[in-house]
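Q:
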Amino acid sequence: MIRLQNVSKNYGGRPALTNISLHIALGEFAFLVGPSGAGKSTLMRLLYREEMPTSGNVFIGGVNLNRLHKKQIPLLRRRLGIVFQDYKLLPRQTVFANVAYVLRALGVNEKDVDKRVNSALCVVNLDDKGEAYPDELSGGEQQRVGIARAIVNGPPVLLADEPTGNLDPATSLEIVQLLERISERGTTVLISTHDQPIVNAMRKRVISLRNGEIIADVDSGVYEVGSTG
Amino acid sequence: MRILLRVLVETLIGLKQGGWSNWLVVSILAIALTIFGGVLQLTITLKSVVAAWGSQLEISAYLKDSYDPKVVAHDVSLLPEVQFVEIVPKETAWKELQSAFKVASLANPLPNTLHIKVSSTEAVQQVAMQVKNLPSVENVRYPLKVAQRINEFRHFLELAGFAVTAALTAATLTVIGNTIHLVIQSRHREIEILSLMGVSPSYIRSPLILQGATYGAISGLLSMAVLWGLHAYLDPYLSEQLIGFAPMLTHSLEHSLAQTFVALLILGVAVGASGAFWTSGRYIKI
């Protein structure tokens, strides 16, 4: 589902990623780990075409993102769900409206919006919080709204960039377990994080980055902070 | 239809967020459009005045006594641009002069005269020169200086007016750009979310462009109101002054005013929308 072939990315001659090759299959659940500056966010931005690689190819669902025309980028992003560390919720809109926001912008009719938003809120266990505003929710609940918004369009791929960065350990575990449940429904999930206890608790595939290079790629692995920086 | 409705809702939100800068944009654009409309209307008026007056401009050609005025009148009537030639025999002119001024009994000193009408003010000078070069013609006179001055003034007004309008339009584009930029900044989170979730840039930008067009339309209407007020105030005076030599002129000016209003509305919307289009393209990246 996600494939990188000899991908490098430089910023003004300074390498952020060097010769990265990896493959993540449909429905797979994987962590991308490494310390700050390892290249995790750069790699995530390449996947949703916020950035272009300096060399190499990035494929999502068989589509080479290098060859994607600018006008096709929105179509790619509709097939991706993206979860952010800072949730990126609209403070003056209710939970329901936040999740429905993009569907409405895409012209989905209100009946379908209702159905899909309620279904997404059920998945994240917030079906009773539809009328609440983000500032009335805890951090974990806000992140669950972010996840509901990411999955409301039924994307085959979910990218989560440091989704537990602002949360306490117990809530972080809940969020990652929620993402695991979503993955079990057939969605490919890639989580970038440097949250060692969470990664180690899950025993899933761990791709470790350091200084822009993959130093380990282990199924049922752990995040060894010492060896990664 | 649903998307159109969403775009309208987003536009209203953008206008609400614009706050006081909405009025700044509308005021500056309205001033620019009023000046543009005023210059346009004044130019059309002066052009009409010159054209109407020009059609009444006559060349007076004074003939040598040894030539038959009928023969000369025929030769002159064959010149291009000449519409009509009237012969004023020296006897008729002398009688009129005597009755008007009680002139003493003298031998008639006046020459036979031709009154020549030409098709346009531009042709007056050329025809006058051609007539003057005829051997039968002693001298010619034509009141072209005033028409030329009006034309020169009109050209100056056009240049000055359009220069001021261009400067104000540039200022307006800058203010529209800044206002739209402020709206983009205040809504950057929504714009970022929409962009990352795969909403097309044209959907994201269209409420902003519509917002710019709304500024233009409101400014156009305001400038129309100002020009209509000026027109209503000056109309009685103008009609009185103009009706003397061009009865149809005031009607044609009413017609040109309607055309000016359409031009103002179109220009306002075009300036507003293009300012917003340019700014949103610059600051909203995929």
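Protein chains in written order, with my numbering: chain A, 1 to 229; chain B, 1001 to 1286. Note that CB positions come from ideal geometry on N, CA and C, so glycine has one too. Predicted model, so just to flag it, every value in this text is computed and none were measured.
Please classify Ile1266(B) as buried or exposed, where buried requires at least 16 neighbouring CB atoms within 10 angstroms.
A: An exposed status is given to Ile1266(B), since fewer than 16 other beta-carbon atoms sit within 10 Å of its beta-carbon.
Q: Can you have a look at Leu1168(B) and say buried or exposed, based on whether 16 or more other CB atoms are within 10 angstroms of its CB?
A: buried
Q: Taking Ser1200(B) as the query, report the chain A residues whose CB atoms sit under 7 angstroms from its CB, ordered along the chain.
A: Pro74
Q: Quick check: the Cα distance between Ser172(A) and Ile191(A), rounded to an integer number of angstroms?
A: 12 angstroms
Q: Throw me the rounded Cβ distance for the Phe59(A) and Gly146(A) pair, which I believe falls under 8 angstroms.
A: With a Cβ gap of about 26 angstroms, Phe59(A) and Gly146(A) do not count as contacting.
Q: Could you tell me whether the Cβ of Arg1291(B) comes closer than 7 angstroms to any Cβ of chain A?
A: There is no way to answer for residue 1291(B), as the model of chain B reaches only from 1001 to 1286.
Q: Would you list, in chain order, the members of the region 1175 to 1191 of chain B that have their beta-carbon closer than 7 angstroms to a beta-carbon of chain A?
A: Arg1189, Glu1190
Q: Going by C-alpha to C-alpha distance, which of Phe1156(B), Asp1068(B), Ser1077(B), Leu1114(B) sits closest to Val1088(B)?
A: Leu1114(B)
Q: If the criterion is Cβ atoms closer than 7 angstroms, does the pair Asp49(A) and Leu32(A) meet it?
A: A small correction: the amino acid at residue 49(A) is Arg; Asp does not occupy that position in the sequence shown. Taking 7 angstroms as the Cβ cut-off, Arg49(A) and Leu32(A) do not qualify as a contacting pair.
Q: Note down, in chain order, every chain B residue with its Cβ under 7 angstroms from the Cβ of Ala105(A).
A: Arg1006, Leu1194, Val1199, Tyr1203
Q: What residue ranges within the region 27 to 115 of chain A form continuous alpha helix (DSSP H) runs of no fewer than 4 residues, ordered along the chain?
A: 40 to 47, 73 to 77, 95 to 105
Q: Name the chain A residues whose beta carbon is nearer than 7 angstroms to that of Ile1003(B)?
A: Gly107
Q: Mind pulling the chain B residues with CB within less than 9 angstroms of Lys88(A)?
A: Arg1189, Glu1192, Ile1193, Leu1196
Q: Taking the alpha carbon of Leu1004(B) as the reference point, which residue from Arg104(A), Ser8(A), Val63(A) has its own alpha carbon closest?
A: Arg104(A)
Q: So with Cβ pairs under 7 angstroms, would you call Val102(A) a contact of chain B?
A: yes
Q: Look up Ile1284(B) in the DSSP assignment and say whether it is helix, strand or coil.
A: coil
Q: With a threshold of 7 angstroms between beta-carbons, can Arg92(A) be considered close to chain B, or not?
A: no
Q: Is the region 156 to 176 of chain A touching the region 107 to 115 of chain A, taking contact as three or more C-beta pairs under 8 angstroms?
A: Touching, no.
Q: Along the chain, where does the alpha helix (DSSP H) containing Ala160(A) start, and where does it finish?
A: Looking at the DSSP string, Ala160(A) is not in any alpha helix (DSSP H); the run it does join, the beta strand (DSSP E), is 157 to 161.
Q: What is the DSSP secondary structure of Lys1016(B), counted as helix, strand or coil?
A: helix
Q: Check whether the region 80 to 98 of chain A and the region 129 to 146 of chain A are in contact - that is, three or more C-beta pairs closer than 8 angstroms.
A: yes
Q: Return the residues of the region 51 to 77 of chain A that lie within a Cβ-Cβ distance of less than 9 angstroms from chain B, sorted by chain order.
A: Lys70, Lys71, Ile73, Pro74, Leu75, Leu76, Arg77
Q: Taking the alpha-carbon positions, what's the His1231(B) to Ser1223(B) distance?
A: Pairing His1231(B) with Ser1223(B), the inter-Cα distance amounts to about 12 angstroms.
Q: Can you tell which of Ser41(A), Arg210(A), Gln72(A) has the C-alpha that lies nearest to the C-alpha of Ile82(A)?
A: Ser41(A)
Q: Kindly list the residues whose CB is nearer than 6 angstroms to the CB of Gly229(A), restricted to its own chain and excluding five residues on each side of it in sequence; keep chain order.
A: Reliability of the predicted coordinates at Gly229(A) is poor, the pLDDT of 39 falling under 50, and no value is obtained from them.
Q: If you draw a straight line from the alpha carbon of Gly154(A) to that of Gly1018(B), how long is it in whole angstroms?
A: Answer to the nearest angstrom: the Cα atoms are 36 angstroms apart.
Q: Identify the contact partners of Ile82(A) in chain B, using a Cβ-Cβ distance below 7 angstroms as the criterion.
A: Leu1196
Q: Identify the continuous alpha helix (DSSP H) that holds Arg185(A) and give its terminal residues.
A: Unbroken run through Arg185(A): none, as it is neither H nor E.
Q: Given that a residue counts as buried once 16 or more other Cβ atoms are within 10 Å of its Cβ, and exposed if not, what is His194(A)?
A: buried
Q: If you reduce the DSSP assignment to three classes, tell me which class Ser8(A) lands in.
A: strand
Q: Starting from Tyr48(A), find everything on chain B with Cβ-Cβ shorter than 8 angstroms and list it in chain order.
A: Leu1196
Q: Who are the near neighbours of Leu1194(B) in its chain, counting only those whose CB is closer than 7 angstroms to its CB and skipping five residues on each side?
A: Ile1204
Q: Is the beta carbon of Ala1276(B) closer than 7 angstroms to that of Ile1180(B)?
A: yes
Q: Identify, in the order they occur along the chain, each residue of the same chain with its Cβ nearer than 6 angstroms to the Cβ of Gly1037(B), setting aside the five sequence neighbours on each side.
A: If we look at Gly1037(B) and ignore the five residues flanking it on each side, its Cβ neighbours are Ser1223, Leu1227, Thr1260, Leu1264.
Q: Restricting to runs no shorter than 4 residues, where is the alpha helix (DSSP H) found entirely within the region 1027 to 1089 of chain B?
A: DSSP runs (the alpha helix (DSSP H)) wholly in the region 1027 to 1089 of chain B: 1069 to 1077.
Q: Using only the alpha-carbon positions, how far apart do Asp128(A) and Ala1258(B) sit?
A: 59 angstroms
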